[in-house]
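Worksheet: one structure, shown below.
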Amino acid sequence: MQEAVFAGFLPAFVILVLPVVYASGETTAVFLLEMAAAGILLGRLFGIVRHEGAPQAPGLRSSDGPARRFWHLVPVWLILVGLSVVTSENAAASFPAFLKLLALVMLAVAAANDAERFGWLTGICVSAGLAGIFHGVLAIQEYVEGAPMPLTWADPALRSIIRTRCAGIFTDPNVFGAFLAALIPWQICGLALATEEWRKYESRLQAFFGAALLMTGIALLMTFSRGAYLAALAGVVIASAIWKPSPKRPWSGAARTIAIVAAILFVIFLSGPFKYRFISIGNTKDMTFSQRTLINKGILAAAASVPWTGYGLHTFSQVYPRFRCVGGDYPMNAHNEFLQTFVEAGPLAATLLAALSLIIWWSVAKQALSAPRSWPGGAAAGSWAVFFLHNLSGFSSRMLPTSAFFALTVGAVIAAGTVSENHSDKTATGAAGKLQSLAIALLLLYLLFVVRETRHQQQLDATSAELAAGEIRTAEARLSELRTQRPTDPMVWALSARAAEARADAEAALGYYARAGEINPHEALFWSERARIVAAASAPAEAFPLIQRATELDPASEQFRLDAARLLLSLNKPQEALNELDAALRMSPGFHDVYRIYRQVEELRRQIAEQERPVPTGEPATEPGLPR
Numbered sequence: 018m019q020e021a022v023f024a025g026f027l028p029a030f031v032i033l034v035l036p037v038v039y040a041s042g043e044t045t046a047v048f049l050l051e052m053a054a055a056g057i058l059l060g061r062l063f064g065i066v067r068h069e070g071a072p073q074a075p076g077l078r079s080s081d082g083p084a085r086r087f088w089h090l091v092p093v094w095l096i097l098v099g100l101s102v103v104t105s106e107n108a109a110a111s112f113p114a115f116l117k118l119l120a121l122v123m124l125a126v127a128a129a130n131d132a133e134r135f136g137w138l139t140g141i142c143v144s145a146g147l148a149g150i151f152h153g154v155l156a157i158q159e160y161v162e163g164a165p166m167p168l169t170w171a172d173p174a175l176r177s178i179i180r181t182r183c184a185g186i187f188t189d190p191n192v193f194g195a196f197l198a199a200l201i202p203w204q205i206c207g208l209a210l211a212t213e214e215w216r217k218y219e220s221r222l223q224a225f226f227g228a229a230l231l232m233t234g235i236a237l238l239m240t241f242s243r244g245a246y247l248a249a250l251a252g253v254v255i256a257s258a259i260w261k262p263s264p265k266r267p268w269s270g271a272a273r274t275i276a277i278v279a280a281i282l283f284v285i286f287l288s289g290p291f292k293y294r295f296i297s298i299g300n301t302k303d304m305t306f307s308q309r310t311l312i313n314k315g316i317l318a319a320a321a322s323v324p325w326t327g328y329g330l331h332t333f334s335q336v337y338p339r340f341r342c343v344g345g346d347y348p349m350n351a352h353n354e355f356l357q358t359f360v361e362a363g364p365l366a367a368t369l370l371a372a373l374s375l376i377i378w379w380s381v382a383k384q385a386l387s388a389p390r391s392w393p394g395g396a397a398a399g400s401w402a403v404f405f406l407h408n409l410s411g412f413s414s415r416m417l418p419t420s421a422f423f424a425l426t427v428g429a430v431i432a433a434g435t436v437s438e439n440h441s442d443k444t445a446t447g448a449a450g451k452l453q454s455l456a457i458a459l460l461l462l463y464l465l466f467v468v469r470e471t472r473h474q475q476q477l478d479a480t481s482a483e484l485a486a487g488e489i490r491t492a493e494a495r496l497s498e499l500r501t502q503r504p505t506d507p508m509v510w511a512l513s514a515r516a517a518e519a520r521a522d523a524e525a526a527l528g529y530y531a532r533a534g535e536i537n538p539h540e541a542l543f544w545s546e547r548a549r550i551v552a553a554a555s556a557p558a559e560a561f562p563l564i565q566r567a568t569e570l571d572p573a574s575e576q577f578r579l580d581a582a583r584l585l586l587s588l589n590k591p592q593e594a595l596n597e598l599d600a601a602l603r604m605s606p607g608f609h610d611v612y613r614i615y616r617q618v619e620e621l622r623r624q625i626a627e628q629e630r631p632v633p634t635g636e637p638a639t640e641p642g643l644p645r
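The sequence shown begins at 18 in the working numbering and counts up by one.
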């Protein structure tokens, strides 16, 4: 009983608890994830919970084929990613992200050790069902309310059809869609097991999993996420290759339930606006398609300049502006995990990530071609296919709730394709004991780093909240301590600048932004903020070099170009101002009703052009600059 509860805790925590905690605060959710991942492995290592017939230390059992190669390459990949942290342009951002990555790897290790156990399988199937119903209800409520959505969430041509896109508690509909799509294979697995193995409660479980599957499917449609639609279909297809359904077998209750749910969802899909969003996949002029294509184009054009260790984990949003070839949307992620890893951790880490993915696909193929039918193995492979496909055009691997689910899936796929043997000889036992002691020491050190970084992030979060609430003195007192405790974090100095501005101390604000820029000179916002403060002090000549530096770091930024043009106008340089505005328009993605700063660019350009037109003979000339 203890084993079943312990094994089932992790999937229940990741699928049911973590998304809710994340919605209330990312810092707390990351901390709980890291503590849970390390705590479970420590429980194994200290022998608090043991599995009969299994070695005490996790991850030390012998495996063959794809699993052995996978676990041999993972440490090498982590070393390469760790090097990117050491050489990072912003180590203050990279190190906490690396701690989170280690937690995800530990989740995968724990899942690989537990995924074949009854408690783990029960936990993930039931959790998938409960999560599907819970998030389905939230999505339907959100859709009925029809809350306004950001303009960037739908192509202008579809805005009259798509009133809203449901994101639930995930803040992003595409990430929400990936989460829902990854639940579906486990819900189908639960339906099948209710018929074949859990017959005592067959009718109740069929009703439960059938309702969960229906609610999940409806919620998935309401996300209007084309990537999630395709990923869900791919997940079911890949899972079916391992489930090996046969038309010759009589239909079970599970098969009938699945057919009924699929028919209902298909009718809803055809009768609602969802089909128009799906069909728009083929429209190359679609706003999202155009933006993603241009993101990839900018990254590939700058590929030769990427360092061998990358720019640093979790630095994409800072680095990408240097080589983006289009303005408008400002992506925080690359919408492709391989490209983002390439930029952040370098070509070797990206290549090894591709190799790890191929090994997992090799394991899936072996199960499909030669292994007997396996409902858990098929569900794991289906969820893996969902996340893999989604992360070719999305970033669900970068968002905590889905990245943790992804890690569980990876461990489950590896476990399904593993043939393990327990070593009992004295040499192996002695080696395992030494490794166990080392692992305990490293995990305890890891927890110390986690507590330290979490405390620091909580302080930053509290300071931001205090500044937003106008509690300047409280924020200043906290920042005074932070500047002493963590003087190498540029965010501390940027928040200090905000606090100084709030008390109208422009000189102090400039000093703080200058200090932030010294620590991280490649952050364009630090330069643009200094330019704004200097310009407000009626010193455009001094402000222009600052905004010029920001523009060099983000050449496609329409906001920086607009600010530079305004400064040039105040310096009576209308032609140079026109050049800045023209540069902004050359890198426009279009869709100016969405990216509205371009409207200001166009209006300012029109005013300057009218002012600078040759004056016909006999008409009075005007001074250069904007008309009053």
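Built from N, CA and C at the ideal position, the CB exists for glycine as well.
Taking residue i and residue j to be in contact with their CB atoms under 8 Å, please state how far apart those CB atoms are, rounded to whole angstroms.
{"i": "Ala433", "j": "Ala397", "result": "5 Å"}
{"i": "Ala256", "j": "Gly395", "result": "4 Å"}
{"i": "Trp260", "j": "Arg86", "result": "That belief does not hold up - the Cβ atoms of Trp260 and Arg86 are roughly 25 Å apart, past 8 Å."}
{"i": "Gly344", "j": "Ser545", "result": "Rounded, the Cβ-Cβ distance is 14 Å, inconsistent with contact."}
{"i": "Ile57", "j": "Ala156", "result": "Their Cβ separation, rounded to whole angstroms, is 31 Å, which puts Ile57 and Ala156 out of contact at 8 Å."}
{"i": "Ser111", "j": "Val102", "result": "4 Å"}
{"i": "Ala601", "j": "Arg578", "result": "4 Å"}
{"i": "Glu575", "j": "Ile614", "result": "5 Å"}
{"i": "Val253", "j": "Gly399", "result": "6 Å"}
{"i": "Ile550", "j": "Ala526", "result": "6 Å"}
{"i": "Ile431", "j": "Ala209", "result": "Rounded, the Cβ-Cβ distance is 22 Å, inconsistent with contact."}
{"i": "Ile536", "j": "Thr491", "result": "Wrong, their Cβ atoms sit about 25 Å apart, outside the cutoff."}
{"i": "Ile186", "j": "Ala40", "result": "4 Å"}
{"i": "Gln335", "j": "Glu43", "result": "So it is not a contact: roughly 18 Å between Cβ atoms."}
{"i": "Leu598", "j": "Arg616", "result": "Actually they do not touch by this definition, with Cβ atoms about 12 Å apart."}
Here's the rule I'm using: 16 or more other beta-carbon atoms within 10 Å means buried, otherwise exposed. How should residue i be labelled?
{"i": "Gly207", "result": "buried"}
{"i": "Pro28", "result": "buried"}
{"i": "Gly70", "result": "Confidence in Gly70 is poor, its pLDDT being 42 and thus under 50, which makes the residue's placement too unreliable to answer from."}
{"i": "Ser105", "result": "buried"}
{"i": "Phe561", "result": "buried"}
{"i": "His89", "result": "exposed"}
{"i": "Val31", "result": "buried"}
{"i": "Gln502", "result": "exposed"}
{"i": "Gly163", "result": "exposed"}
{"i": "Trp392", "result": "buried"}
{"i": "Tyr293", "result": "exposed"}
{"i": "Val618", "result": "buried"}
{"i": "Lys117", "result": "buried"}
{"i": "Pro507", "result": "buried"}
{"i": "Glu470", "result": "buried"}
{"i": "Thr188", "result": "exposed"}
{"i": "Ser413", "result": "buried"}
{"i": "Asn589", "result": "exposed"}
Quick one: what's got a C-beta closer than 8 Å to residue i's C-beta in the same chain, skipping five residues either side?
{"i": "Leu690", "result": "As displayed, the chain neither begins before 18 nor continues past 645, which places residue 690 out of reach and without an answer."}
{"i": "Tyr529", "result": "Trp510, Ala511, Ser513, Ala514 and Ala517"}
{"i": "Tyr479", "result": "For the sequence presented, residue 479 should be read as Ala rather than Tyr. Excluding sequence neighbours, Ala479 sits near Arg495."}
{"i": "Cys342", "result": "Leu311, Lys314, Gly315, Ala318, Ala573 and Met604"}
Within its chain, find whatever has a CB closer than 6 Å to the CB of residue i; leave out the 5 residues flanking it on each side and keep chain order.
{"i": "Tyr160", "result": "Cys183 and Met239"}
{"i": "Ala114", "result": "Leu330 and His331"}
{"i": "Ala13", "result": "The displayed coordinates of the chain run from 18 to 645. Any statement about residue 13 would go beyond what the structure contains."}
{"i": "Ala429", "result": "Ala128, Ala132 and Ala397"}
{"i": "Gly534", "result": "Phe543"}
{"i": "Phe225", "result": "Gly146"}
{"i": "Leu168", "result": "Val611"}
{"i": "Phe291", "result": "Leu238"}
Cutting at 7 Å between CB atoms, please list the residues of its own chain near residue i, excluding the five before and the five after it.
{"i": "Thr310", "result": "none"}
{"i": "Leu33", "result": "Ser144, Leu147 and Ala148"}
{"i": "Asp610", "result": "Pro173"}
{"i": "Leu409", "result": "Asn353"}
{"i": "Ala228", "result": "Ile150"}
(message) Whether or not the segment 160–179 and the segment 216–233 are in contact is what I'm after, with contact meaning three or more pairs of Cβ atoms, one per stretch, closer than 8 Å; do they touch?
(response) No contact exists between the segment 216–233 and the segment 160–179.
(request) Evaluate the contact criterion for the segment 290–303 versus the segment 323–342: three or more CB pairs, one atom per stretch, below 8 Å. (result) Between the segment 290–303 and the segment 323–342, the count of Cβ pairs shorter than 8 Å is below three; the stretches do not touch.
(request) Flag this pair as touching only if the segment 192–207 and the segment 228–244 have three or more C-beta atom pairs under 8 Å; answer yes or no. (result) Proximity of the segment 192–207 to the segment 228–244 meets the contact definition, three or more beta-carbon pairs being nearer than 8 Å.
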